[in-house]
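Colleague: Here the working numbering runs 85 ahead of the position in the sequence shown, where the first position is 1. C-beta: ideal position from N, C-alpha, C; glycine also.
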Amino acid sequence: MEPLITLIVVTVAILLAGAAGVKRLRAWPVALRGGVAAMFVLTGTVHFVWMRENLIAMVPPSLPYPGFIVTLTGVLELAGAVGVLWRPTVTWAAGGLSLLLICMFPANVYYAVSGLTTRLDDQLIPRTLMQVVFLSACLAVMIYDLRGRTARRNPHQQK
């Protein structure tokens, strides 16, 4: 639930800063990029501190080297967070984070159905809905950036 709260709070805070007069923060894609980045900084960080053992336990037993997988996905999440904030890499970072969310979904399913948790927000339906929100946010950032790049490359083309 914390990643969802982070995504929403940071996105809304950036939108409010834009509404208060910070011109660079007025566009919703900028706010969403900030929210996505904050969320992945949070989730990437817990791959190394606080919840590392829980995340290792989430890796389905059929996959080898769960500690390495958790480390790798944590590094990828942190790199993606930086990437969505740096203009030249927005599309690639958001696309990579989207693929990462899809690849990690089986671990979320395993965790939800394995009995490793009793928290309501860790059950299959809430976890799946949150993953859909996270994936949608990443895809929205990627698609908006792709459209902007296309428009900048073809300024005379009619839409």
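Which same chain residues end up closer than 8 Å to LYS244 when comparing Cβ atoms and leaving out the 5 residues on each side of it in sequence?
Modeller: Residue confidence for LYS244 is low, a pLDDT of 49 falling below 50, so the modelled location carries little weight; the figure read from the coordinates is stated next. Correct list, in chain order: ALA236.
Colleague: LEU224 by DSSP, collapsed to three states: which one?
Modeller: The answer is helix: DSSP assigns LEU224 an H, G or I state.
Colleague: Of the choices ALA166, PRO146 and ALA179, whose alpha-carbon is the least far from that of ALA192?
Modeller: The option with the nearest alpha carbon to ALA192 is PRO146.
Colleague: If we count the other Cβ atoms within 10 Å of its Cβ and call it buried at 16 or more, is ILE210 buried or exposed?
Modeller: By the 10 Å Cβ count, ILE210 comes out exposed.
Colleague: Tell me whether ASN193 sits in a helix, a strand or coil according to DSSP, three-state version.
Modeller: Here ASN193 sits in helix by DSSP.
Colleague: Going along the chain, which residues of its own chain have a beta-carbon closer than 6 Å to the beta-carbon of VAL155, five neighbours each way excluded?
Modeller: Correct list, in chain order: HIS132, LEU140 and ILE141.
Colleague: Which first and last residues belong to the alpha helix (DSSP H) in which PRO151 is found?
Modeller: Residues 151 to 170.
Colleague: I'd like to check one pair, MET124 with TYR196: are the Cβ atoms closer than 8 Å?
Modeller: No, they are not a contact pair.
Colleague: Is it the case that the CB of VAL175 approaches a heavy atom of the ligand ADP more closely than 7 Å?
Modeller: As presented, the structure is devoid of all ligands, the ligand ADP included, so that no description of it is given.
Colleague: What is the DSSP secondary structure of ALA115, reduced to helix, strand or coil?
Modeller: Checking the displayed sequence, the identity of residue 115 turns out to be Val instead of Ala. Residue state, collapsed to three classes: helix.
Colleague: For MET86, count neighbouring Cβ atoms within 10 angstroms of its own Cβ and tell me buried if that reaches 16, exposed if not.
Modeller: Per the 10 Å Cβ criterion, exposed.
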